[in-house]
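As they're listed, the protein sequences go chains W and U. Note that the working numbering has the first sequence beginning at 1, numbered continuously upward. Note that the working numbering has the second sequence beginning at 1001, numbered continuously upward.
Number of protein chains: 2
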Amino acid sequence: MSATTDALKQARDEFVAQWGALGTQWGINRTMAQIHALLMTAPEPLGTDEVMEELEISRGNAHTNLKELVAWGLLRVVVRKGERREYFEAEKDVWKVFIMVTRERKRREIDPALQVLRKCAEESQDIDTPEGRAFYEQMRQLEEFVEFASTMADRVAGMKHGFALQMAAKMLG
Amino acid sequence: MSATTDALKQARDEFVAQWGALGTQWGINRTMAQIHALLMTAPEPLGTDEVMEELEISRGNAHTNLKELVAWGLLRVVVRKGERREYFEAEKDVWKVFIMVTRERKRREIDPALQVLRKCAEESQDIDTPEGRAFYEQMRQLEEFVEFASTMADRVAGMKHGFALQMAAKMLG
DNA sequence: CATTGCTTTCAGAAATTACTGAAACTTCAG
DNA sequence: CTGAAGTTTCAGTAATTTCTGAAAGCAATG
């Protein structure tokens, strides 16, 4: 193995390890983040066994997290003709990755919050004391804000990269 | 206790419990989210003992999470004249809460990612093979995007509520 | 319909994270 | 200085999350 190939392997391993550590901070499990990093920097699709070997993890773990990444829309399953194995390929376009993550987080984090806030607002609607009114108002304000966030998330997720940049330029200028 | 007071307590308990559960999904610990919910809906500042009693948690747990919330800028410490106890009061303005959370998440999630990406880009800068170039390019694209996110976070965190609404209207219109 | 090659599931083990309760520390008043 | 009232720390325990390895499932092939 040549010196440059070795240097690449090293840089890539570093990236995988660090991305995994970051994932933990973002509330994503380490293995999932590592697999994502590995595949985002893979020149071609990898199979379950290759992922297992590269990251030194069990089949069950590799399988679960690969499927989870597919559910997030961050990996595609690739089947090669004449082969039974499944290969996995990462979305490499950074903007598309961002869109996927935004959609998924909205679904998992924003939508449930909205449910809760609406329920609490409704339940406190008719409580006719100063404290009751204050509580209701607080719920309403949270609800309004989260609704706003929800709309923004949808908007952003629908944008084309170019448009987003244009908007950002306006915002920043 | 009157019926309406009772209904309020019930609604509030529900909110605290659910907000705690949501917190878990956001990668924030349950107790911290519960304390935050409790104080956001408290008509006046509470002391450690009241928080302990309300949520049925230990002193150590209450203390740690109260201080953590202060560190996030989501609670203020209030001292009443002639008293030694510390009381805690939540920021109730939803927009201000959002700003604080944005700042803190940028610091904890975006900045470290940028460090990692810069290091990996630098390390792979001179690897002169097709795979090396591809890796370097991927790091650069990620870096560029995260830089963009960082700038946006700073911008948003510097906005006044009114301005944000105005911008949102433009975006959505 | 038996075998092969691969995918999926899941019970138990390991690792991580959060909580308790008690002791140590700090500050103030008498 | 001593005690009272409160804050802070932390070792050990509990709860939760993640991972392993093996068994079960499934589809294609001969």
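Ideal Cβ positions, reconstructed from N, Cα and C, are used throughout, including at glycine. These figures come from a predicted structure and were not determined experimentally.
Worksheet item: Are T1048 (chain U) and A1062 (chain U) closer than 7 angstroms when you measure CB to CB?
Response: Yes, these two residues count as a Cβ contact at 7 angstroms.
Worksheet item: So, are the CB atoms of L8 (chain W) and A90 (chain W) less than 7 angstroms apart?
Response: No, the Cβ-Cβ distance between L8 (chain W) and A90 (chain W) is not below 7 angstroms.
Practice prompt. Please specify which runs of the beta strand (DSSP E), each continuous and at least 3 residues long, are wholly inside the stretch 1065–1091 of chain U, giving them in chain order.
Written response: Unbroken beta strand (DSSP E) runs of no fewer than 3 residues, entirely contained in the stretch 1065–1091 of chain U, are found at 1075–1079, 1086–1090, following chain order.
Discussion item. Here's the rule I'm using: 16 or more other beta-carbon atoms within 10 Å means buried, otherwise exposed. How should T1005 (chain U) be labelled?
Written reply: T1005 (chain U) sits exposed, since fewer than 16 C-beta atoms from the chains shown fall within 10 Å of its C-beta.
Discussion item. Please state the DSSP three-state secondary structure of R1162 (chain U).
Written reply: The residue you asked about is not Arg; residue 1162 (chain U) is Gly in the sequence shown. In this structure, G1162 (chain U) counts as helix in the three-state DSSP scheme.
Item to complete: Report the option in U:Y1087, U:Q1034, U:G1073, U:K1067 whose CA atom is closest to the CA atom of E1056 (chain U).
Response: Residue U:Q1034 holds the alpha-carbon nearest to the alpha-carbon of E1056 (chain U) among U:Y1087, U:Q1034, U:G1073, U:K1067.
Item to complete: Express the C-alpha separation of E137 (chain W) and Q115 (chain W) in angstroms, rounding to a whole number.
Response: Roughly 16 angstroms between the two C-alpha positions.
Worksheet item: Quick one: Cα of E131 (chain W) to Cα of E1050 (chain U), how far?
Response: Looking at the backbone, the Cα of E131 (chain W) and that of E1050 (chain U) are separated by about 18 angstroms.
Practice prompt. Note the first and the last residue of the continuous alpha helix (DSSP H) segment covering D1126 (chain U).
Written response: Per DSSP, D1126 (chain U) is not a residue of any alpha helix (DSSP H), being assigned neither H nor E.
Item to complete: Look at the alpha carbon of G174 (chain W) and the alpha carbon of I1110 (chain U), and state the distance between them as a whole number of angstroms.
Response: Because residue 174 (chain W) is not part of the residues shown, which for chain W are 1 to 173, the question remains open.
Worksheet item: Could you check where the alpha helix (DSSP H) with R1108 (chain U) kicks off and where it finishes?
Response: No alpha helix (DSSP H) holds R1108 (chain U); DSSP gives it neither H nor E.
Worksheet item: chain W beta carbons: is any one of them nearer than 7 angstroms to that of S1124 (chain U)?
Response: Taking Cβ atoms only, chain W reaches closer than 7 angstroms to S1124 (chain U), which makes this a yes.
Item to complete: Ignore the nearest five residues each way along the sequence and tell me which others in G20 (chain W)'s own chain have a CB closer than 8 angstroms to its CB.
Response: Cβ contact annotation for G20 (chain W) (same chain, cutoff 8 angstroms, sequence separation greater than five): R30, T31, A33, Q34, A37, in chain order.
Item to complete: Inspect the beta-carbon positions of A3 (chain W) and E1123 (chain U) and report whether they are closer than 7 angstroms.
Response: Between A3 (chain W) and E1123 (chain U), the C-beta spacing is not below 7 angstroms.
Fill in: Meets three-Cβ-pair contact criterion under 8 angstroms: the stretch 98–106 of chain W and the stretch 150–163 of chain W
Contact holds between the stretch 98–106 of chain W and the stretch 150–163 of chain W, because three or more Cβ pairs, one in each stretch, are under 8 angstroms apart.
Worksheet item: In this structure, what does DSSP give as the bridge partners for G47 (chain W)?
Response: Looking at the DSSP assignment, G47 (chain W) forms a beta bridge with W:Y87.
Practice prompt. Classify G27 (chain W) as helix, strand or coil using the three-state DSSP reduction.
Written response: It is coil, neither helix nor strand.
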